[in-house]
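Residue numbers (the numbering used here), protein chains in the order written: chain A, 1 to 427; chain B, 1 to 427.
These notes concern the structure reproduced below.
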């Protein structure tokens with residue numbers, strides 16, 4: 001559908017940036033804001049963006065722990081010990097798991113200690129229980145009077161010192177980090193149970209097109225159901241945003257101006273365009289009228305997604321995606337999600353991308369002047385994964401259902417069957 | 001911490017499966033159940049598992065649409081037309097976007113149609129507006145009386161036929177699919193606004209260890225805060241489960257039996273073990289006592305995570321992960337998440353894994369007899385990504401914070417610096 005309207009665009013293909021260049025321009029233009037901070041219980045913090053550096057008040061662990069089941073000793077007592085000239089130590093008792101030893105261990109003494117148990121004061125090393133034949137086979141409650149150490153033990157042997165995981169005062173997590181499962185585990189470890197996070201950005205979602213009806217409506221002749229609103233909403237939620245649905249507007253100038261103005265009260269505005277001639281230009285002009293900095297990128301040498309509009313009104317990003325549902329998904333993944341991460345207060349990603357290497361099952365030709373982001377299905381082959389191109393127009397959302405991800409085909413190039421490609425799975 | 005308790009385990013390293021073999025045994029044993037079905041609004045369906053095949057009642061689109069801005073014609077009228085012998089057609093009018101044409105187009109007639117607009121009855125092809133000099137430059141409201149077609153046009157040219165995206169009766173999405181953004185877009189397109197999905201499985205989370213205190217408590221001597229409960233809960237939520245926190249239990253037999261019995265009322269039970277000798281054996285024995293099929297895997301040639309317990313009581317999976325927080329995360333990702341997907345009613349994944357290829361910055365040696373799942377950080381290098389091993393014990397959860405993912409190092413092998421490795425990012 002977008003094909004013809006693109007021909008009416010004021011820009012020529014030649015002047016447009018390639019997708020990566022457009023992304024760099026977009027990232028450079030996007031402001032860094034500090035979103036409002038809210039405190040959430042630890043159990044709700046995973047997936048949120050941390051708003052403050054978190055330092056630990058205490059070391060973790062805050063006491064010396066044994067790495068093994070064994071005998072806690074004073075290393076100095078064992079100096080010079082050998083199998084021929086062993087050292088006999090008096091066993092002071094058994095340290096209970098999760099409890100203080102309760103008594104200090106003096107020179108010439110030792111104590112039984114479980115894995116993870118606290119070393120009694122005075123001890124600085126642990127000898128594994130296997131090194132004491134006198135301890136093996138005895139019932140777990142039996143504590144002999146003495147043990148015999150048959151070698152010299154180094155201080156610190158089999159000991160997890162205080163602070164082995166976290167030093168006191170150490171910053172364990174920095175502001176701008178999107179919290180993973182193990183990150184909230186660390187917060188638990190340092191006792192942070194109310195977590196300062198940035199408020200989730202609110203994203204206004206606008207579908208434009210006089211031909212569109214909501215999914216619950218029965219489309220009449222010439223009408224189709226709006227697929228973009230819910231599909232983009234799902235990506236926004238996945239990216240950590242909250243959706244403010246603005247409904248469907250006819251692609252006339254006044255309606256568009258009005259809805260964009262209302263959308264700018266949110267942290268970000270996403271439009272999926274209709275298909276009528278020049279309508280993207282209206283969006284661009286309306287956005288320009290609403291204030292600087294205005295349009296950052298207008299048109300990308302990308303297929304699907306050439307009529308992409310990336311703009312800023314004040315510090316509110318405006319992403320104009322084409323109306324074809326495949327294009328809208330591709331464009332929002334490429335440019336909307338990074339903008340969402342930025343306004344969410346997330347620190348910039350390192351830039352790596354997880355992919356699945358696969359071999360193309362057939363030739364794929366990149367279109368003239370445009371980088372093709374082609375849908376492929378991953379199918380098992382005799383020697384690893386195969387990438388089977390899913391052909392079809394960008395109006396056919398079912399092609400995304402049939403695919404597992406995208407490959408990038410450079411402009412004007414043909415990737416022959418058998419080429420190794422990096423598939424970016426939907427995730 | 002687990003080191004010593006592993007030595008006391010009744011099984012020898014040699015008899016244990018490698019991680020992949022353990023996974024296959026586990027998957028083979030996990031039952032296929034049909035979870036209860038609930039209906040959720042379309043806007044909440046993304047990320048849920050579809051409970052029924054969804055067929056479209058209607059074709060999408062349900063009318064012939066133009067792919068371009070142009071002139072809808074009857075292809076037969078243009079037979080034999082050339083620049084020298086063009087065909088003149090009477091323009092019946094302009095089709096409005098989103099509206100029926102309102103009038104049929106007879107032989108010798110044509111109609112203006114916008115991109116995405118409905119073809120008027122009688123027409124079967126569209127000629128792009130660029131092919132009509134008489135239409136270019138004229139104001140958008142002007143409709144000339146006649147247009148001249150200068151070539152023969154094939155039926156179907158520039159037409160999206162009814163059903164191009166979805167055929168009537170076509171199953172667009174099958175039961176067991178975890179719904180992605182574009183999937184809910186398709187549901188919108190076919191008018192499904194109440195979506196049948198499987199109820200999210202409820203997962204009982206049990207932390208064992210007398211030394212553990214909840215994150216909000218101030219640990220006394222010998223005590224540490226429980227990091228596993230929140231960190232595993234985050235993975236469960238990420239995997240689509242609902243967490244039923246069962247708290248911390250001392251690792252004594254009666255307490256463990258009682259809490260496991262209560263946990264079995266959920267769809268899955270996850271324990272993170274303490275560190276005292278033999279406690280995993282208790283769990284295994286308790287689970288065996290509770291009914292068949294019992295223990296499926298007990299011990300894996302995996303580092304970290306050797307004392308892993310995978311069991312079933314009836315159709316309830318029980319995952320016993322070691323208490324060290326790194327081990328607990330690694331083991332739950334390997335064995336807990338696939339079990340969660342299975343009991344959620346999800347169809348089996350195709351099996352591909354997205355990775356980041358990188359070069360090792362230093363030698364990494366796999367331990368004797370065990371496959372090492374090593375934490376690495378991804379750092380940019382002169383020619384692509386580098387994988388920097390993060391050394392440290394499995395009690396050091398900060399090593400996961402410092403890392404971006406895991407690499408697999410085969411038992412008894414050394415991967416030399418510079419080797420290409422596939423990093424599985426945390427995701």
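Think of the CB as a built atom: it goes at the ideal place given N, C-alpha and C, for glycine as much as any other residue.
Every value quoted in this text rests on a predicted model; they were computed, and no experiment measured them.
Within the DSSP bridge table, the entry for residue 352/B names no partner. Between residue 261/A and residue 228/A, the alpha-carbon positions lie close to 20 angstroms from each other. Residue contact check for residue 231/A against chain B: a CB pair falls below 8 angstroms. With its beta carbon at least 8 angstroms from every one in chain A, residue 131/B lies outside the interface.
The C-beta of residue 378/B comes closer than 8 angstroms to at least one C-beta of chain A. Excluding sequence positions up to five before and after residue 249/B, its CB lies within less than 7 angstroms of the CB of 206, 208, 255, 256 and 259, all in the same chain and listed in chain order. Listed along chain A is no residue with a C-beta nearer than 7 angstroms to that of residue 197/B; the closest approach is about 14 angstroms.
Cβ-Cβ distances below 6 angstroms link residue 290/B to 313 in the same chain, with the five nearest sequence neighbours on each side left out; the list follows chain order. Between residue 126/B and residue 59/B the beta-carbon gap is near 19 angstroms, outside 8 angstroms, which marks them as no contact. Look at residue 190/A here: in three-state DSSP terms it is coil, with no helix or strand label. From the beta-carbon of residue 252/B, no residue of chain A is found nearer than 9 angstroms; the closest lies around 11 angstroms away.
For residue 332/B, the secondary structure class from DSSP, reduced to helix, strand or coil, is helix.
Contact of residue 206/B with chain A by beta-carbon distance below 7 angstroms is absent, the smallest such distance being about 16 angstroms. Scanning 340/A, 365/A, 387/A and 363/A for the CA closest to the CA of residue 355/A turns up 387/A. For residue 26/A, there is no enclosing beta strand (DSSP E); the enclosing alpha helix (DSSP H) covers residues 19 to 29. In this structure residue 427/A is exposed. Its beta-carbon is surrounded by fewer than 16 other beta-carbon atoms within 10 angstroms. When the beta-carbon positions are compared, residue 113/B and residue 163/B stay at least 8 angstroms from each other. At least 8 angstroms separates the beta-carbon of residue 102/A from that of residue 124/A.
Against chain A, a Cβ distance below 9 angstroms from residue 42/B picks out 215, 216 and 230. A distance of 8 angstroms or more separates the beta carbons of residue 287/B and residue 305/B. Considering only 27/B, 35/B and 404/B, the residue with the shortest C-alpha distance to residue 176/B is 35/B. Within the same chain, and ignoring the five residues on either side of residue 294/A in sequence, the residues whose Cβ sits closer than 8 angstroms to its Cβ are 287, 288, 311, 312 and 313. DSSP places residue 271/B in the uninterrupted beta strand (DSSP E) bounded by 268 to 272. Counting along the chain, the unbroken beta strand (DSSP E) around residue 316/B starts and ends at 316 to 321. Put simply, the backbone Cα of residue 233/B is about 6 angstroms away from that of residue 243/B. The three-state reading of DSSP puts residue 129/A in helix, counting H, G and I together.
About 11 angstroms separates the Cβ atoms of residue 272/B and residue 326/B, ruling out a contact at the 8 angstroms cut-off.
At a cut-off of 8 angstroms between beta-carbon atoms, residue 425/A makes contact with chain B. In this structure residue 179/B is buried. Its beta-carbon is surrounded by 16 or more other beta-carbon atoms within 10 angstroms. For the stretch 78 to 100 of chain A, the beta-carbon criterion of a distance under 9 angstroms to any beta-carbon of chain B is satisfied by 95, 96, 97, 98, 99 and 100. With fewer than 16 other CB atoms across the displayed protein chains lying within 10 angstroms of its CB, residue 253/B is exposed. In the three-state reduction of the DSSP assignment, residue 103/A falls in the coil class. Within the stretch 336 to 396 of chain B, the runs of beta strand (DSSP E) at least 3 residues long that lie entirely inside it are, in chain order, 356 to 360, 371 to 381 and 384 to 389.
Judged by DSSP in its simplified three-state form, residue 398/B adopts helix. If you draw a straight line from the Cα of residue 378/B to the Cα of residue 423/B, it is about 8 angstroms long. With a threshold of 8 angstroms between beta carbons, residue 36/B makes no contact with chain A.
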